[in-house]
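Worksheet: the structure to be examined is printed underneath.
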Amino acid sequence: MGMKLIVLVVIVLAVIAVAQLMRVYELSSKLRGYKEEDIDLKTNNINAGLMMVFLAFFFGSMLYMLFVYGNGMLPEAASEHGKDIDWLFDVNWVIVFAVFFITNGILFYFAYKYSYHPDRKAFYFPHDNKLEMIWTIVPAAALAVIIVLGLMTWNQVTGKASDDAVVIELYAKQFDWTARYSGEDNKLGHADYKLVNGDNPLGVVTEENILKRIDEIDQLIADNEQQLAALDSGTIIVSKANEYKLQHEIEKMGRIKQRIIHMQTAFGDSVYQMAADDYISKTALYLIKDQEYQLVFRAKDVLHSAYFPHFRAQMNCVPGMRTHLKMKPIFTTKEMQEKTGNPEFQYILLCNKICGVSHYNMNLPVIVGTEEDFEAWKSNEVNTTKVVVSEEPESETSDETNDAMETDSTQVEG
Amino acid sequence: MAATAAHGHHHKESFITKYIFSQDHKMIGKQFLVTAIIMAVVAVILSVLFRIQLGWPGESDSTLSFFLGDKWAPNGILDRGMYLGLVTIHGTIMVFFVLTGGLSGTFSNILIPLQIGARDMASGLLNMISYWLFFISSCIMLYSLFIETGPAGAGWTIYPPLSVYEQATPGSGSGMTLWLVSMTVFIGSSLLGSLNYIVTVLNMRTKGMKMTRLPLTIWAFFITAVIGVLSFPVLVSAVVLMLMDRGLGTSFYVNDAIVGAEVLEQSGGSPILFEHLFWFLGHPEVYIVLLPALGLTSEIVSTNSRKPIFGYRAMIGSILAIAFLSFIVWGHHMFITGMNPFLGGVFVFTTLLIAIPSAVKVFNYITTLWKGNIRYTPAMLFSIGLVSSFITGGITGIILADSALDIAVHDTYFVVAHFHVVMGLSAIFGMFAGVYHWFPKMYGRMMNSKLGMVHFWITLVSAYGVFFPMHFVGIGGAPRRYYDYSVYESFDSNQFDMIMDLNVVISIFAIIGALGQVIFIFNFFYSTRRGQVSVQNPWKSNTLEWTAPVEHLHGNWPGEVPTVHRWPYDYSKPGMEEDFCPQTVPLKEGEEEH
Numbered sequence: 020m021g022m023k024l025i026v027l028v029v030i031v032l033a034v035i036a037v038a039q040l041m042r043v044y045e046l047s048s049k050l051r052g053y054k055e056e057d058i059d060l061k062t063n064n065i066n067a068g069l070m071m072v073f074l075a076f077f078f079g080s081m082l083y084m085l086f087v088y089g090n091g092m093l094p095e096a097a098s099e100h101g102k103d104i105d106w107l108f109d110v111n112w113v114i115v116f117a118v119f120f121i122t123n124g125i126l127f128y129f130a131y132k133y134s135y136h137p138d139r140k141a142f143y144f145p146h147d148n149k150l151e152m153i154w155t156i157v158p159a160a161a162l163a164v165i166i167v168l169g170l171m172t173w174n175q176v177t178g179k180a181s182d183d184a185v186v187i188e189l190y191a192k193q194f195d196w197t198a199r200y201s202g203e204d205n206k207l208g209h210a211d212y213k214l215v216n217g218d219n220p221l222g223v224v225t226e227e228n229i230l231k232r233i234d235e236i237d238q239l240i241a242d243n244e245q246q247l248a249a250l251d252s253g254t255i256i257v258s259k260a261n262e263y264k265l266q267h268e269i270e271k272m273g274r275i276k277q278r279i280i281h282m283q284t285a286f287g288d289s290v291y292q293m294a295a296d297d298y299i300s301k302t303a304l305y306l307i308k309d310q311e312y313q314l315v316f317r318a319k320d321v322l323h324s325a326y327f328p329h330f331r332a333q334m335n336c337v338p339g340m341r342t343h344l345k346m347k348p349i350f351t352t353k354e355m356q357e358k359t360g361n362p363e364f365q366y367i368l369l370c371n372k373i374c375g376v377s378h379y380n381m382n383l384p385v386i387v388g389t390e391e392d393f394e395a396w397k398s399n400e401v402n403t404t405k406v407v408v409s410e411e412p413e414s415e416t417s418d419e420t421n422d423a424m425e426t427d428s429t430q431v432e433g
Numbered sequence: 164m165a166a167t168a169a170h171g172h173h174h175k176e177s178f179i180t181k182y183i184f185s186q187d188h189k190m191i192g193k194q195f196l197v198t199a200i201i202m203a204v205v206a207v208i209l210s211v212l213f214r215i216q217l218g219w220p221g222e223s224d225s226t227l228s229f230f231l232g233d234k235w236a237p238n239g240i241l242d243r244g245m246y247l248g249l250v251t252i253h254g255t256i257m258v259f260f261v262l263t264g265g266l267s268g269t270f271s272n273i274l275i276p277l278q279i280g281a282r283d284m285a286s287g288l289l290n291m292i293s294y295w296l297f298f299i300s301s302c303i304m305l306y307s308l309f310i311e312t313g314p315a316g317a318g319w320t321i322y323p324p325l326s327v328y329e330q331a332t333p334g335s336g337s338g339m340t341l342w343l344v345s346m347t348v349f350i351g352s353s354l355l356g357s358l359n360y361i362v363t364v365l366n367m368r369t370k371g372m373k374m375t376r377l378p379l380t381i382w383a384f385f386i387t388a389v390i391g392v393l394s395f396p397v398l399v400s401a402v403v404l405m406l407m408d409r410g411l412g413t414s415f416y417v418n419d420a421i422v423g424a425e426v427l428e429q430s431g432g433s434p435i436l437f438e439h440l441f442w443f444l445g446h447p448e449v450y451i452v453l454l455p456a457l458g459l460t461s462e463i464v465s466t467n468s469r470k471p472i473f474g475y476r477a478m479i480g481s482i483l484a485i486a487f488l489s490f491i492v493w494g495h496h497m498f499i500t501g502m503n504p505f506l507g508g509v510f511v512f513t514t515l516l517i518a519i520p521s522a523v524k525v526f527n528y529i530t531t532l533w534k535g536n537i538r539y540t541p542a543m544l545f546s547i548g549l550v551s552s553f554i555t556g557g558i559t560g561i562i563l564a565d566s567a568l569d570i571a572v573h574d575t576y577f578v579v580a581h582f583h584v585v586m587g588l589s590a591i592f593g594m595f596a597g598v599y600h601w602f603p604k605m606y607g608r609m610m611n612s613k614l615g616m617v618h619f620w621i622t623l624v625s626a627y628g629v630f631f632p633m634h635f636v637g638i639g640g641a642p643r644r645y646y647d648y649s650v651y652e653s654f655d656s657n658q659f660d661m662i663m664d665l666n667v668v669i670s671i672f673a674i675i676g677a678l679g680q681v682i683f684i685f686n687f688f689y690s691t692r693r694g695q696v697s698v699q700n701p702w703k704s705n706t707l708e709w710t711a712p713v714e715h716l717h718g719n720w721p722g723e724v725p726t727v728h729r730w731p732y733d734y735s736k737p738g739m740e741e742d743f744c745p746q747t748v749p750l751k752e753g754e755e756e757h
């Protein structure tokens, strides 16, 4: 508090001191017959000169930064479409830099050159159709080129993925990512947010998960009803608002349960089957070099955005909606480490849509390797995940139908 | 101001009707200006606070604890939630309260009646209500900084569902409610103001003031008001629907979400719907901010170059073209939302078209300087600054409008740099230029020009010092709205080094720039009381406001409202004695208009 007081006092004194100086200035300029609106020639020239000084400083610092940080910018694109984007960037940079240097240059130069001189009269030049035509048509032509090239690239980048593309789902929630691989069949099992629970963090639809979730909801409703009963009998006391909340919760979970039951009748083995060989990873997204991927995005709670700076790829993750992008990595992590000369280089997936306080910490390492590397990683990753799953007192029998058809050891989740 | 008694038709005013609940457009304009200056000071301080965190992350800083206390800056380290709050409120205040309310509110009010030759606005009462709604919304927004759970923290674009679910982030509690309420009131203010401006410009021009004789300032304010009336109501509906999602359990913007551990029943809405509604205002908003600044500087550049503005009709045409196009480009904020790529392509096309009228404007400015006789008043300096920032920020828009490139830089610091330069700097430079130029009209006194020059050069250098390196940070892949960039250290240390180096540079310039504004604040308030008394037409300007007496009076002109005979840009016209010729001077025999 004392500190704040001192700071305030210093500020007040400073203001008073400046005001006094201003009074002196004011009186002296009054004596000199100085008029604020008349900028004297010397001052005017100083400002005009500063225009050129600024221009030199401005362009100089631009070039300096390009020199120092030009290489500090993101390394070469590590995906196939990223190369197209980088090429398009280069084309655009040429235009942007040219316009930047020329127009800013002319602006400040004219500002310097045509500063006030008492002997000169300004040139009365209200309009000139020819000139105006030129600077409508020239930018229009340049923009036509930019638009055509841009749309060609855009259509390529956002076009359909090929049939060979491997499907992987990325599931975003505050504040982490989960990757779900579609397994042998290259088909992701259905997912529904109503099924999400501790055992099934992605809400994957399987018969087992549905039954478990219904049990869980029944339990929850029973607990709440018990509490209400206790409330009626006077064993516990809660506020009216909380009592209402309990009741509301019972009704809501009842409705959600009904919907899950509908889901159960609508879906059959063919749907559950798709999920049978899916597996998840929370530690990394492992991709194979030169393999095309179709990435599918979901979000659990709020908007997120999957941003892969090195692959020049980005897509928002929207709750209740699936978004997707295609991508084909072309350099392994190792190759990229050599290219950047940084042995610790890693690819990364960042969240790039504000999603809450830990937004800046929401990321997932991305690894690109060869097919063998990937298989090795997978068996390792899958085993470790499996251990976690087997710790649960799992009722394997409820999943009989699936097990009968699919005995793949990679079955981890769902 | 003191001369009320001298004019018979002037009824007696109490302190309250004159200074507080005034219906005089000049007083209302000044009220808008002073309120906006106070809001701007707050917004600048907020930005310095989060720049301290970004430049020196995790280091204890006494400035932070001085302003934020132990709750939001424990041990002098900024709280992560408060960081988002600061960013959000900084953006909101700057965009809406300073550059919309402050810029349009101030200069439309002061200049429209004076430059078109009207005694006052069409409705003085609505005008007064417009200011007081603005005042109330400002108070609500400031108040939201002081509540327990902190201010809204979802970014100034308040994308749902983050802004809908209280459980998702602390800032989405009552802070967000206050934000929404404040914005609703603000939009009410803006609509009343805009309707008034439109009616006044259309109906109340003096004799001879054809639309093609209007100063470009008035054209800009007029079109801005039209844009505002057409786009702000969409934001009101967006905001009201969000209030319903938050309070009444509707699901316009939310769908199948689990927040915390709670499964929510709301289903069937779309967060993307909000983005569409928001940007339907949000993009025209850029031009609501920019056009008045361009209008003000057109006038200032012409006056101080002692030359007619080059291509008057082309300037009006480009204002109209920009205004029209601004309504069909909003999708360029949403290229990566999963929107249909074909639709994205359409938005690429319309967005890049805006570059054409913008380029025309820039070249016309530059040609106006060519063979001029430029006087460097502070207003003129800031106008040159505006043209430069409009160029520098505009061309990076070409990158962002190109959807394929946007994928790589969307939501990075490149975007932050782009819109700060093209919209923030241009508009604030335009606003400074306007204040320096029309200060004598507002207060009957001159601002100190030397201090104005110092202020300009510090501001220009530090503004570019802040935003120029940001382009590099963004191209380097730094996402915006990150509390710190330590994550880069673990996977790409080259990037990390660059980001950290430049963040320090940016923060230092931000602090210098903020301190530089003290000069302006001092100059402004000092000059209102003690500045040199102004003459009637200090800049030897042609427009009508300089034919009104220095002392303010209700009705603006003591006798008849002057009649207009020519366009406002007859500077250095051949065959004239003086290098200017006010609009009230009749055309000589055989004289061409222009």
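Top to bottom, those sequences are chains A and B. The numbering of the first sequence is the numbering used here, which starts it at 20 and goes up by one. The numbering of the second sequence is the numbering used here, which starts it at 164 and goes up by one. Just so it is clear, CB atoms sit at the ideal spot from N, CA and C, and this is done for glycine as well. In this text, all values refer to a predicted model and were calculated from it rather than measured experimentally.
Residue i, DSSP secondary structure in three states
i	result
A:D242	helix
A:W196	strand
A:N216	strand
A:M424	Confidence is the limiting factor: at A:M424 the pLDDT is only 37, short of 50, which leaves the residue's position unreliable and the question unanswerable from this model.
A:I349	coil
B:P642	strand
A:A184	coil
Neighbouring residues, chain A, relative to residue i (Cβ below 7 Å)
i	result
B:M594	The premise fails here: B:M594 is roughly 20 Å from chain A at the closest Cβ pair, so nothing lies under 7 Å.
B:T332	G375, V376
Neighbour list for residue i in chain A, Cβ cutoff strictly below 8 Å
i	result
B:A534	Reading off the sequence, residue 534 of chain B comes out as Lys, not Ala. Near B:K534 (Cβ distances below 8 Å), the residues of chain A are Y133, A141, F142, F144.
B:P324	D320, V321, L322, P338
B:D408	Here the premise fails: no neighbours, minimum Cβ distance about 13 Å.
Cross-strand partners of residue i (DSSP beta bridge)
i	result
A:F316	A:L189, A:T342
B:Y475	Answer by DSSP bridge pairing: none, since B:Y475 is not bridged.
B:R608	B:V696
A:N335	A:S324
A:C370	A:A325
Below-8 Å beta-carbon distance, residue i vs any chain B residue
i	result
A:L93	yes
A:V31	no
A:T351	no
A:L189	no
A:N63	yes
A:M41	yes
A:E45	yes
A:M282	no
Residue i at chain A interface by Cβ criterion, 8 Å
i	result
B:F512	yes
Heavy atom of the ligand HEM within 7 Å of residue i beta-carbon
i	result
B:D224	With respect to the ligand HEM, the structure shown offers nothing to examine, as it has no ligands at all.
Per-residue contacts from residue i into chain B (C-beta, under 9 Å)
i	result
A:H136	N536
Identity of the residue in the options nearest residue i by Cα
i	options	result
A:H323	A:F144, A:S134, A:D195, A:A159	A:D195
B:W219	B:E462, B:S690, B:G239	B:G239
B:V327	A:D320, A:F120, A:F330, A:R51	A:D320
B:I499	B:G264, B:V572, B:A456	B:V572
B:V197	B:D647, B:V598, B:M661, B:R368	B:V598
B:G507	B:A567, B:W382, B:L454	B:A567
B:G676	B:V211, B:F195, B:I200	B:V211
Neighbouring residues, chain B, relative to residue i (Cβ below 7 Å)
i	result
A:N219	Going along chain B, no residue has its Cβ under 7 Å from A:N219, so there is no contact; the nearest lies around 12 Å.
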